[in-house]
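Shown next, in C-alpha cells, is the structure this report addresses.
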Amino acid sequence: MEEKWYLENTGNINQMLRVRDDIDLPQTMREFPHLVLINHDFHASDDIMFPDASCIAFFTVFENNHLEALEEENSAALLAVDICEGLMQFYLYSKDPEKTIYDCIEFLKSNELYKCSFEIIKNDKGERLNNLI
Numbered sequence: 001m002e003e004k005w006y007l008e009n010t011g012n013i014n015q016m017l018r019v020r021d022d023i024d025l026p027q028t029m030r031e032f033p034h035l036v037l038i039n040h041d042f043h044a045s046d047d048i049m050f051p052d053a054s055c056i057a058f059f060t061v062f063e064n065n066h067l068e069a070l071e072e073e074n075s076a077a078l079l080a081v082d083i084c085e086g087l088m089q090f091y092l093y094s095k096d097p098e099k100t101i102y103d104c105i106e107f108l109k110s111n112e113l114y115k116c117s118f119e120i121i122k123n124d125k126g127e128r129l130n131n132l133i
C-alpha cells in the first residue's frame with residue numbers, strides 16, 4: 001500500500017500535522033476550491049495534549065471509511081489533519097461545501113461523544129492550507 005501522508009514539522013511538540021503527499025495541489029484546488037474545516041474539541045490534560053485512544057479510533061474510522069468514500073465519489077478531498085492542544089481539524093476541500101457537511105453529519109451523528117463544528121471558506125483554493133504548512 002502506497003503511503004499518501006507525511007508529518008509536517010511544526011516546531012510544536014504538542015502538535016501533529018499530517019499532510020497529503022500524493023496530490024497535485026493546483027489541480028486539486030481547481031476541482032475542489034472550497035474548504036470545509038471540520039473541528040472537534042477534545043479534552044486535553046496538563047500532561048497529555050492529544051486525544052484519547054477511543055477518540056482517535058472514531059476519527060480514524062471517519063477518515064478511512066467516510067472521507068475516503070467522498071474522495072472516491074469525486075466530491076471532496078481530505079488534504080490535512082491538524083491535532084493541536086485540544087483541537088482536531090480536518091482540512092476537507094470540496095466542490096459543494098453544504099452537501100459535504102450534510103454527508104459528514106450523517107456519519108458523525110452516530111456517536112454524540114465526539115461533537116464537531118464546521119466552518120466553510122468559499123473559494124479558499126488552498127490558501128488556508130498553505131498558511132498552515
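The sequence shown begins at 1 in full-length UniProt numbering and counts up by one.
All C-beta atoms, glycine included, are put in the ideal place defined by N, C-alpha and C.
Whole-number beta carbon distance between residue j and residue i, since they are thought to touch under 8 Å
i             : j                 : result
residue 147   : leucine 78        : The structure shown has nothing for residue 147, since the chain only spans 1 to 133.
isoleucine 38 : phenylalanine 107 : Isoleucine 38 to phenylalanine 107, Cβ: 11 Å. No contact.
histidine 34  : lysine 122        : 5 Å
aspartate 41  : leucine 87        : 6 Å
aspartate 96  : serine 75         : 7 Å
lysine 125    : methionine 29     : 4 Å
DSSP state of residue i mapped onto helix, strand, coil
i                 : result
methionine 1      : Any answer about methionine 1 is weak, because its pLDDT of 41 lies below 50 and its placement is not dependable; what the coordinates show is given next. Coil.
tyrosine 91       : strand
leucine 78        : strand
phenylalanine 107 : helix
tyrosine 6        : strand
methionine 49     : coil
cysteine 116      : coil
isoleucine 38     : strand
isoleucine 133    : coil
isoleucine 83     : strand
isoleucine 56     : helix
isoleucine 23     : coil
isoleucine 13     : coil
lysine 125        : coil
Spatial distance of residue i from residue j (CA atoms)
i              : j                : result
tryptophan 5   : aspartate 22     : 7 Å
isoleucine 133 : serine 94        : 19 Å
arginine 20    : leucine 92       : 11 Å
proline 26     : alanine 57       : 32 Å
glutamate 127  : isoleucine 83    : 19 Å
leucine 7      : arginine 18      : 5 Å
isoleucine 13  : valine 81        : 16 Å
histidine 43   : isoleucine 120   : 24 Å
glutamate 3    : phenylalanine 62 : 18 Å
lysine 109     : glutamate 73     : 21 Å
glutamate 85   : methionine 16    : 10 Å
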